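If you read the sequence shown in the working numbering, its first letter stands for residue 2, the second for the next number, and so on. Even glycine gets a Cβ: it sits at the ideal position worked out from N, Cα and C. Keep in mind the model is a prediction, meaning the values are calculated, not measured.
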Amino acid sequence: MTSGSSLVANVFEHSHRVKYVHYALVDQLGENILTKGIRERTRLLSECLANGECPVLVHCNAGLSRSATVLIAWLMAAHSLTLSSAIERVSACRGRPLHINPSFWMALAAWERELRGWPPRTPPSFNFRPAWVEHFEAMGCARDQIERAVRDEGDWVDFDRAFNVLFG
């Protein structure tokens, strides 16, 4: 399964020995994994692994954001892990820090809230604010404004509202 743009050619796409699934997910601000089919992708991963159909490889261009996001979402759904535990597991397997897109963080927080039946205003089990602060301070936003955008206006899960606080 690839998660990303179609800029990198896949030589196995037409092979009869390899089942190839492309998940069109662009690593850009505003991209929402929940509306882009993450539920179907996590279900497909679980089905492939459960019936022994084939080994599964999930990849994207750099392996730091899109593929990590797909695997974290799958671990949360298939193994009932919290967002924090899923991130810990993927980070340990990768052996290097993840650099997940800010809108993916919020979508993962929304996914956790949905899977666990948590009410609005419940913060995620993983504190992604430092990643948001680092990303948006580099774009000239003030730390207190970023904190307010994530926690208060975006309720941890609404990227569009949080982004509007930062950039109007």
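Problem - N-terminal and C-terminal residue of the alpha helix (DSSP H) that H23 is part of - result: For this step, residue 23 is matched to residue 22 along the sequence shown. Careful: H23 lies outside any alpha helix (DSSP H), inside the beta strand (DSSP E) at H23 to A25.
Problem - Straight-line gap, G96 to G64 (C-alpha atoms, nearest Å) - result: Here residue 96 corresponds to residue number 95 of the sequence shown, with the count starting at 1. Here residue 64 corresponds to residue number 63 of the sequence shown, with the count starting at 1. Roughly 12 angstroms between the two C-alpha positions.
Practice task
Leaving aside the five residues before and after T83 along the sequence, list all residues of the same chain whose C-beta is less than 6 angstroms from its C-beta, in chain order.
Solution key: Within the sequence shown, residue 83 is the residue found at index 82, counting from 1. S126.
Problem - Reduced DSSP secondary structure (H/G/I, E/B, other) of H136 - result: If you number the sequence shown from 1, residue 136 lands on position 135. DSSP places H136 in helix when its eight states are reduced to three.
Practice task
Leaving aside the five residues before and after P103 along the sequence, list all residues of the same chain whose C-beta is less than 6 angstroms from its C-beta, in chain order.
Solution key: Looking up residue 103 in the sequence shown gives position 102. Excluding positions up to five away in sequence, the list reads W133 and H136.
Practice task
Run through the stretch 28–66 for me and flag every whole beta strand (DSSP E) of 3 or more residues, listed as ranges in chain order.
Solution key: none
Problem - For L99, three-class secondary structure by DSSP - result: Along the sequence shown, read from residue 1 onward, the residue named residue 99 stands at position 98. Coil.
Handout entry: For T70, three-class secondary structure by DSSP
Key = Counted from its first residue, the sequence shown places residue 70 at position 69. In the displayed model, T70 falls within a helix according to three-state DSSP.
Practice task
Check the C-beta distance from A163 over to G155 and give it rounded, since I have them as a contact under 8 angstroms.
Solution key: Mapped onto the sequence shown, residue 163 falls at position 162. Mapped onto the sequence shown, residue 155 falls at position 154. Yes, A163 and G155 are in contact; Cβ-Cβ is about 3 angstroms, under 8 angstroms.
Problem - Where the alpha helix (DSSP H) through R162 begins and ends - result: Along the sequence shown, one-based indexing puts residue 162 at 161. Per DSSP, the continuous alpha helix (DSSP H) segment holding R162 begins and ends at F160 to F168.
Problem - N- and C-terminal bounds of the alpha helix (DSSP H) containing D178 - result: No information on residue 178 is available, as it lies outside the stretch 2 to 169 that the chain covers here.
Handout entry: Among N165, A74, S86 and H100, nearest to A108 - alpha-carbon criterion
Key = Position 107 of the sequence shown, counted from the first residue, corresponds to residue 108. When only C-alpha atoms are compared, the closest one is A74.
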